[in-house]
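Number of protein chains: 2
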Amino acid sequence: MNARRRADLPHELVFLPLGGTGEIGMNCYCYGSGPADDRHWLMVDLGVKFGEDADPGIDVVLPDIGFITAEKKNLHGLVLTHAHEDHLGAVAWLWPQLECPVYCTPFAAQILALKLKEAGLDEQVPVKVMPVGSKFRLGPFGLELVSVTHSIPEPTALLIETPQGRVLHSGDWKIDRTPVLGQGMDEKRLREIGDKGVDVLVCDSTNVLREGFSPSEADVAARISEIVKQAKGRVAVTTFASHLDRIATAVRAARATGREIVIAGRAMRNTIEAARACGMLTESGRLLDEEEFGYLPPDKVMLLCTGSQGEPRAAIARIAEDIHPHVSLEEGDLVIFSSKTIPGNEKEVSRVLNNLARLDIDVVTGEDDLVHSSGHPRQGELALLYEWVRPKALIPMHGEPRHLRAHRNFAEEKGIRDVLIPRDGHITRLAPGPLEHIDEAPFGRLHVDGKLIVPGEDGPAKQRRKLSFVGIIFVSVVMDSRAELAADIELITEGIPMGLEGDLLEAAEQAFGSTPKPRRKDANQLAETIRTSVRRAADMIWGKKPIVKVSVVRV
Amino acid sequence: MNARRRADLPHELVFLPLGGTGEIGMNCYCYGSGPADDRHWLMVDLGVKFGEDADPGIDVVLPDIGFITAEKKNLHGLVLTHAHEDHLGAVAWLWPQLECPVYCTPFAAQILALKLKEAGLDEQVPVKVMPVGSKFRLGPFGLELVSVTHSIPEPTALLIETPQGRVLHSGDWKIDRTPVLGQGMDEKRLREIGDKGVDVLVCDSTNVLREGFSPSEADVAARISEIVKQAKGRVAVTTFASHLDRIATAVRAARATGREIVIAGRAMRNTIEAARACGMLTESGRLLDEEEFGYLPPDKVMLLCTGSQGEPRAAIARIAEDIHPHVSLEEGDLVIFSSKTIPGNEKEVSRVLNNLARLDIDVVTGEDDLVHSSGHPRQGELALLYEWVRPKALIPMHGEPRHLRAHRNFAEEKGIRDVLIPRDGHITRLAPGPLEHIDEAPFGRLHVDGKLIVPGEDGPAKQRRKLSFVGIIFVSVVMDSRAELAADIELITEGIPMGLEGDLLEAAEQAFGSTPKPRRKDANQLAETIRTSVRRAADMIWGKKPIVKVSVVRV
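Going line by line, the protein sequences match chains A and B.
Counting in this note's numbering, the first sequence runs from 258 upward without gaps.
Counting in this note's numbering, the second sequence runs from 258 upward without gaps.
Pasting the structure below:
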């Protein structure tokens, strides 16, 4: 039957985001080529999102890729555009569902290898290391990793050529003509790609609300240098652990002022080791361990550390609380937050800034001075990329709905007529013809809870969220064969105000007592009667309805 | 003995914040006059803070005023500087502890009356209505409510004159020379107060990180007018429910363009009613109810509504989700967020903005255009107030530690030599002599949990927070007189991943089975053995250690 239908159905190129349109993070995009009943698939990026307060106890959120898992015989591979967590972090969790080869640049391969090793998958996952600029083929997909600039080594855009059409998947990028490290944005190649014709540009929307151009890493480097030169006491620089350009900048600023460099934070050490394994940051000399910090004179040391997002266990948070085992700062010292606060982390960052203020330590942040520049394109950069690539159509990705909408409006203003905003799970036909939403695929979220992967929608986090508002009461009832209490009713509470137990127990006892003996024999019914009664009593006194669980045991 | 000691001790004026130094909100300041063993007290403001995610199920946080409660025979009164929640919101909760007269302006009295009525206290609390500009005396405190400008009607600074010295307690203020409503900043009186000499200025620090001057309400009004004039579809304006200047601005902009005004949100209606009861906003004409919204043409309606902080149940959030019973917006309509996002509310506001983007509705926020101005002084305004008042010493209040520190540095730069940052609970001698931290008082926080006031530190919210991370397991064991199981062990979980029950039950059974019979007779010991075993089993499989409660019943 397949053979017959296949002949009838048109060959198409489709786009299916399973994460990354409608929220920041958790990027996972699928491209399908062929007829609707026999599509061949390519996956681009497989990242995580960090947990939010609304999902307590969940640090990591994954896309539910079940739809592609079911199609994995037709999945030719996973290509990672760069090594950021939100593009690569889910591989070690979800690869066992896919069992496909993974293609990425040398630096991303180093970062991925660490994660696969932790997950015990390093022997199993076929990681194919492709230098920036590589061209290769996966089934019907002709691919090319095009060098761009971003906030991590070896960022790439992905050119995807299929019999149906050509797509440029931008990945994360900005236009930085003077990056501190790396090959830079390959404008020449992007223009050539534009000359050959691009049907669809699938493009980063993160900074579309900002006009103009992002400052270059070189501008940031100049300011940081200047600030470090003027500093009289200790200097600490905190930035994203993976931001090697910024790490290199800090290292140069330290070397120029005769400061030793101390590294604090495992993730930053990992970045540096991965970079050195790829031949980067090789001239930076010896980087000291945090144990050595205390032995160096204030004006001869720079600390490079993690924690720019206020993570409570990271180095700078512990230093600000004055509980770090090896590093302490004092009045006259300076902390540079060479970072921006990712939305949602404001409170945590604020806590660190306040703790530093209590210690009377000076702080410079990206809001005060040019000590950070984003890795995403502002409007000026987007307009330039449009000029280079001249896409017939555009799909905004990477962003919340308001960014995607603003990107659509901006692209239309710039003369791109065919713009469509897909949502996660939407199947969009990219070619032939204009962009069209043609189908939907199941999608969702998974939570990493402890070391288990659990459902994101109706999983344990949802139960715990409810617990966190109203607490829980357990009632234990033991009944003998005559349907009388064989022991006193026991009541245990957690998360309920003190002093309610007596009234709640009384409510349980009354509910038991007022249930006629014959009806007590239905244990479920009896439990429900007691549950309702205890819950109502709690509501009367407390004004909240806790979760009540009743166990009725017969002996 | 008191009489003897009293003669020995110097008469002092002291300052004791119980809330409001070190965090935004929950303002509560005490002034004490007399010798250390017989101080007479005045309380200024008694506000709430809104609950944070770290305290689940807590919407409102109160200062623990137990120290003053214990001294209430010497408490002469509570003066409220204005009607904002963070200055007045705790009165209805805590007044029964104080039982003192409450002094405030007519508008604040209206707002307070609503709260006291809800709490059933309206008959009991002696509220003394004092017009702006009033002078009155409470025990040793000569008081004067000086007119300032802020973001609510009738904001006042409080001049406090005692035998030991004169203090100006700024309250919340900005310098707005062209407010939309109200008497304006009484610069003349403030200069006169300065001429007579001010020992200490206790001063708002909220916006000290910003240079220059705040825009005036008149500037904001002009922009909002212009934006409304150009709008072609429906216009919704959301702002703080208590911001009457802004409400008046929106009303005028609507009237100027022939739009009817629909009000959505109970808190905003309350503000408007309180204002009208005080003779304000009387010329604004009929304000319609939300039921009437749908009957008006798009270009003939303006919605004024609550929800500017992303509160999920407020009008604009429900409109953005398209689930409001009476109001719906569509493509071509405009929402003006005439507000700033209070730190901590970013995610919630972002959710609303994203939902509006999904509906393709245009949005203008305070970040895009001059549709909001803060009610707190920037550096230029602070410098002017210093000039007018010429204080000998300054105490920064209202702000997180980084604001207080920045205010100290700024005041010192401006030539105020004696600046001291107290923390909540610190007793500072204001006069005679230089500022000095002389003692500490107990202080803390209380949580409003449902309708109960519970401890803030080790209360139910802390237990619930723990529950929210790790869930809970309840194990019920019923044992007969031979120390054998009288029924199967029962296990109930909440907030734990599915599929663990079998292993957890087995762990409980094994722990029971491997406990020798004689040792089972110690029910506590047996429960602890089972608890540890179940917890360990959960950790092995899940990687988390849940709360485990074991009930051992003997029959």
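All C-beta atoms in this analysis are idealised placements derived from N, C-alpha and C, irrespective of residue type, glycine included.
Checklist entry - So which of B:D379, B:L639, B:I804 has the shortest CA-CA distance to C460 (chain B)? => result B:L639
Item to check | 9 Å Cβ cut-off: residues of chain B touching Q367 (chain A) | outcome: Per Cβ cutoff of 9 Å: no residues; Q367 (chain A) is ~26 Å from chain B at best.
Item to check | N- and C-terminal bounds of the alpha helix (DSSP H) containing D343 (chain B) | outcome: 342–345
Checklist entry - What residue range is occupied by the uninterrupted beta strand (DSSP E) comprising T813 (chain A)? => result With chain A running from 258 to 812 in the structure shown, residue 813 (chain A) is simply not present.
Item to check | Same chain, Cβ closer than 6 Å to G469 (chain A), neighbours up to 5 away in sequence not counted | outcome: R635, G637
Item to check | Of the residues B:P582, B:G308, B:G800, B:K372, the one placed nearest K708 (chain A), counting alpha carbons only | outcome: Nearest of B:P582, B:G308, B:G800, B:K372 to K708 (chain A), Cα basis: B:G800.
Item to check | Any C-beta of chain A under 7 Å from that of F726 (chain B) | outcome: yes
Checklist entry - Nearest-angstrom Cα distance between R533 (chain A) and T362 (chain A)? => result 14 Å
Checklist entry - By a C-beta neighbour count over all protein chains shown, 10 Å radius and 16 as the cutoff for buried, is Y552 (chain B) buried or exposed? => result exposed
Next on the checklist: I'd like the list of long-range same chain contacts for V807 (chain A), defined as Cβ closer than 7 Å, with 5 residues on each side in sequence excluded.
Outcome noted: V732, V734, A784, I787, R788
Checklist entry - Going along chain A, which residues have a C-beta under 9 Å from D617 (chain B)? => result Chain A residues near D617 (chain B): R662.
Checklist entry - M300 (chain B) and L335 (chain B): beta carbons closer than 7 Å? => result yes
Next on the checklist: Only counting the same chain, and skipping five residues up and downstream in sequence, which positions put a Cβ closer than 6 Å to that of R686 (chain A)?
Outcome noted: Here the set comprises E269, V271, E693, I695.
Checklist entry - Of the choices A:L400, A:K392, A:E356, whose alpha-carbon is the least far from that of V384 (chain A)? => result Distance check between V384 (chain A) and each of A:L400, A:K392, A:E356 places A:E356 closest, using alpha-carbon atoms only.
Checklist entry - Counting only beta-carbon atoms, is Q636 (chain B) nearer than 7 Å to chain A? => result With 7 Å as the cut-off, Q636 (chain B) does not count as an interface residue toward chain A.
Checklist entry - Quick one: Cα of K557 (chain B) to Cα of G304 (chain A), how far? => result 47 Å
Checklist entry - Within the 7 Å Cβ cut-off, does A260 (chain B) reach chain A? => result Residue placement at A260 (chain B) is flagged as unreliable, the pLDDT there being 46, under the threshold of 50; the coordinate-derived value follows with that caveat. So no, A260 (chain B) is outside the interface.
Checklist entry - What separation, rounded to the nearest whole angstrom, lies between the Cα atoms of E568 (chain B) and L616 (chain B)? => result Their Cα atoms are separated by approximately 19 Å.
Item to check | Short CB-CB distance (under 7 Å) between I710 (chain B) and chain A | outcome: Not one chain A Cβ lies under 7 Å of I710 (chain B).
Item to check | Exposed unless 16 or more other CB atoms sit within 10 angstroms - verdict on I652 (chain A) | outcome: buried
Checklist entry - Exposed or buried, which one is I432 (chain A) when buried takes at least 16 other CB atoms within 10 Å? => result Its Cβ being crowded by 16 or more others within 10 Å, I432 (chain A) is buried.
Item to check | Interface residues of chain A facing P754 (chain B) [CB-CB closer than 8 Å] | outcome: D706, G707, L709, V711, G716, P717
Item to check | CB of W645 (chain A) within 7 Å of CB of G428 (chain A), strictly | outcome: no
Item to check | Endpoints, alpha helix (DSSP H) assigned at S482 (chain A) | outcome: 474–487
Item to check | Same chain, Cβ closer than 8 Å to N259 (chain A), neighbours up to 5 away in sequence not counted | outcome: Any reading at N259 (chain A) must be qualified, since the residue scores a pLDDT of 45, below 50, and its modelled position is unreliable; the value itself is stated next. Only D294, D295 meet the Cβ criterion.
Checklist entry - Based on the DSSP secondary-structure assignment, which residues constitute the bridge partners of M559 (chain A)? => result When beta bridges are read from the DSSP output, M559 (chain A) appears opposite A:V492, A:I518.
Checklist entry - For the segment 602–628 of chain A, which residues have a CB atom closer than 8 Å to at least one CB atom of chain B, in sequence order? => result E603, K604, S607, L610, N611, N612, L613, A614, R615, D617, V620
Checklist entry - Applying a beta-carbon distance threshold of less than 9 Å, which residues of chain A neighbour A744 (chain B)? => result In chain order: V735, V810, R811, V812.
Item to check | beta strand (DSSP E) segment containing S290 (chain A), residue limits | outcome: 285–291
Next on the checklist: Would the segment 746–764 of chain B count as touching the segment 773–783 of chain B if we require 3 or more Cβ pairs under 8 Å?
Outcome noted: no
Checklist entry - Of all Cβ atoms in chain B, is any one closer than 7 Å to the Cβ of E530 (chain A)? => result no
Checklist entry - G800 (chain A) versus chain B: which residues are under 9 Å apart at the beta carbon? => result D706, G707, K708, L709
Item to check | Coil, strand or helix - F497 (chain B) by DSSP | outcome: coil
Item to check | Near-chain B residues of the segment 568–600 of chain A - C-beta to any C-beta below 7 Å | outcome: P600
Checklist entry - In angstroms, rounded to a whole number, what distance separates the CA positions of I325 (chain A) and S630 (chain B)? => result 50 Å
Checklist entry - To the nearest angstrom, how far is it from the Cα of E380 (chain A) to the Cα of H660 (chain A)? => result 40 Å
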